[in-house]
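> A single structure is presented below for examination.
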Amino acid sequence: MDRRLFLQLLATGGALGAAPASVLAAEQTSRGVTRHPAPGDEGSLPLSSRESLLAELEELQAATQARRRRYCHLTQPDWPDGAKIAVNFTFDVDHVLSRTANDEPPMQVAKGEFGGRVGAWRSLELLERHGIVGTFFTPGRSVDLYPAVLREIAERGHEFADHMWEHYVPADPVVQRDHMLRTRDVLTELTGRPPVGTRSSYPDALVLEMGYIYNSHGFASPLPFKVRRDGKELLNLSVHLAIDDAMYFNYGWIGSAASAQRLSDQDLVLDIWWQAFQQQYEAGGYLNIALHPFIIGHSARIAMLDELITRMKSLPGVWFASSEDVARHCLALPSEAFACNEE
Ligand SMILES: [Zn+2]
């Protein structure tokens, strides 16, 4: 019997030697042909295989429990002034770097250039028009490539946070640390104060060592959550790929390694995001809208975002905040505000 099916059987409460017919009937041979069980076929697994599979199951259960224990989910956000929802507009300023890191063809790189030269300005103008403070997750190298717009964004008081050095996390821990330090130094110089957050997959211990108070990279919960590892906790400002412009609009040029062609109707995206906002508004939640100036910066999409913000502002109790503000608020809450999985 296939190991996955066997584990599935155990996990769903079936006993050894008494496999439900539905499970056995679904069993496939390695050539993909359904093999119907012969009478007396059940329970034919040799003892040693049973023991190793049971040991594997125990291992899986222990790993699942350890993973559950790692998370503390925010359940009582108590947003300032009785707000019903906190909304973060977060911009990943990877522009051309994402494309060059993946060795993509010139037209892909040009798409990234658009972000630095046009999209970032339009994103800034939109935030300013609505009086909203955004968070710009910025690879350190982007500051060299697009200094004018990033200086302007910094001068307007928007938050800058780490987004790696060249939009990838190196495997070597020594180089990881070097990249984090470089980006921290560049962003500190840009804004006059050290950044306090990151959007990356650097190890949590290193993120905390850099003095960062949050990461914004995980999907474990609609609300912010804490991740516990090695006796330390790191706050995560959750994102969701359904609320990410790249999932709808990031198309790949011929020869690009991009895995999908996406050119969605912006009205459809507006509907999806507005419904997501309304659901979180009613639930008393959080929405982190992940954007990329090279994607959202096209005029029709900026108009869509404009409409979304206008609708949000028509409702009372919406807290438009930077990621830093949300993080500091969450970290100041009493521990009872988070539900930690102990079992
Ligand atoms: Zn990015």
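When we follow the numbering used here, the leftmost residue of the sequence shown carries the number 398, and every step to the right adds one.
Even for Gly, the Cβ is constructed at its ideal location relative to N, Cα and C.
Computed from a prediction, not measured in an experiment: that's the story for all the values here.
Can you give me the C-alpha to C-alpha distance between Arg467 and Asn612, rounded to a whole angstrom?
Position 70 of the sequence shown, counted from the first residue, corresponds to residue 467. Position 215 of the sequence shown, counted from the first residue, corresponds to residue 612. Taking the straight line joining both Cα atoms gives about 15 Å.
> Among Trp518, Val571, Ser539, whose alpha-carbon lies nearest the alpha-carbon of Glu549?
Along the sequence shown, read from residue 1 onward, the residue named residue 549 stands at position 152. Nearest C-alpha to Glu549: Trp518.
> Flag Asp489 as yes when its Cβ comes closer than 6 Å to any non-hydrogen atom of ligand 1, and as no otherwise.
Counting from 1 along the sequence shown, the entry for residue 489 is found at position 92. Answer for Asp489: yes, Cβ within range of ligand 1.
> From Val546, Leu547, Phe534, pick the residue whose C-alpha is nearest to that of Met561; which is it?
The sequence position of residue 561 within the sequence shown is 164, counting from 1. When only C-alpha atoms are compared, the closest one is Phe534.
> Compute the Euclidean distance between the alpha carbons of Glu751 and Gly528, then round it to the nearest angstrom.
Nothing can be reported for residue 751: it is not among the residues displayed for the chain, which extend from 398 to 740.
> Can you tell me whether Gly429 is helix, strand or coil according to DSSP?
Residue 429 sits at position 32 when you count from the first residue of the sequence shown. In this predicted model, Gly429 has a pLDDT of only 45, less than 50, meaning its place in the structure is not dependable enough to derive any value.
> Give me the Cα-Cα distance between Ala700 and Ala673, rounded to the nearest whole angstrom.
Position 303 of the sequence shown, counted from the first residue, corresponds to residue 700. Position 276 of the sequence shown, counted from the first residue, corresponds to residue 673. Distance between the alpha carbons of Ala700 and Ala673 is about 19 Å.
> Please determine, among Asp668, Ala643, Arg579, the residue with the shortest C-alpha to C-alpha distance to Val540.
On the sequence shown, residue 540 is found 143 positions in, with the first residue counted as 1. With distances taken between Cα atoms, Val540 lies closest to Arg579.
> Measure how close the beta-carbons of Gly513 and Val493 come, nearest whole angstrom, since I'm counting them as under 8 Å.
Taking the sequence shown and counting its residues from 1, the one referred to as residue 513 is at position 116. Taking the sequence shown and counting its residues from 1, the one referred to as residue 493 is at position 96. Gly513 to Val493, Cβ: 6 Å. Contact.
> Alpha carbon to alpha carbon, what distance is there between Val515 and Gly694?
Working through the sequence shown from its first residue, we reach residue 694 at position 297. Working through the sequence shown from its first residue, we reach residue 515 at position 118. So the two alpha carbons sit approximately 7 Å from each other.
> Less than 6 Å between C-beta atoms, sequence neighbours within five positions excluded: which residues of the same chain meet that for Ala736?
What you label residue 736 is simply residue 339 of the sequence shown in a count that begins at 1. Cβ neighbours of Ala736 beyond the five flanking positions: His470, Thr472.
> Using three-state DSSP, classify Thr472 as helix, strand or coil.
Locating residue 472 in the sequence shown gives position 75, counting from the first residue. Three-state DSSP puts Thr472 in coil, outside helix and strand.
> Compute the beta-carbon to beta-carbon distance between Tyr609 and Thr595, rounded to the nearest angstrom, for a pair I have assumed lies under 8 Å.
The residue labelled residue 609 in the question sits at position 212 within the sequence shown. The residue labelled residue 595 in the question sits at position 198 within the sequence shown. With 8 Å as the limit, Tyr609 and Thr595 qualify as a contact, their Cβ atoms being about 5 Å apart.
> Can you tell me the Cβ-Cβ gap for Trp743 and Leu705, rounded? I've got them flagged as a contact below 8 Å.
In this structure the chain extends from 398 to 740, so residue 743 is not present and cannot be described.
> Using a Cβ distance threshold of 8 Å, determine whether the region 497-511 contacts the region 721-731, with at least three qualifying pairs required.
No, because fewer than three Cβ pairs between the region 497-511 and the region 721-731 fall closer than 8 Å, the two stretches do not touch.
> Under 6 Å Cβ to Cβ from Ala718, same chain only, skipping five residues before and after it: list those, please.
In the sequence shown, counting from the first residue as 1, residue 718 sits at position 321. Hits under 6 Å: Ala483.
> Assign Gly537 to buried or exposed, taking buried as 16 or more other Cβ atoms, counted over all protein chains shown, within 10 Å of its Cβ.
Translated into positions along the sequence shown, residue 537 becomes position 140. Buried is the call here.
> Using 7 Å as the threshold, is the C-beta distance between Asn738 and Arg465 below it?
Counted from its first residue, the sequence shown places residue 738 at position 341. Counted from its first residue, the sequence shown places residue 465 at position 68. The answer is yes: Cβ separation under 7 Å.
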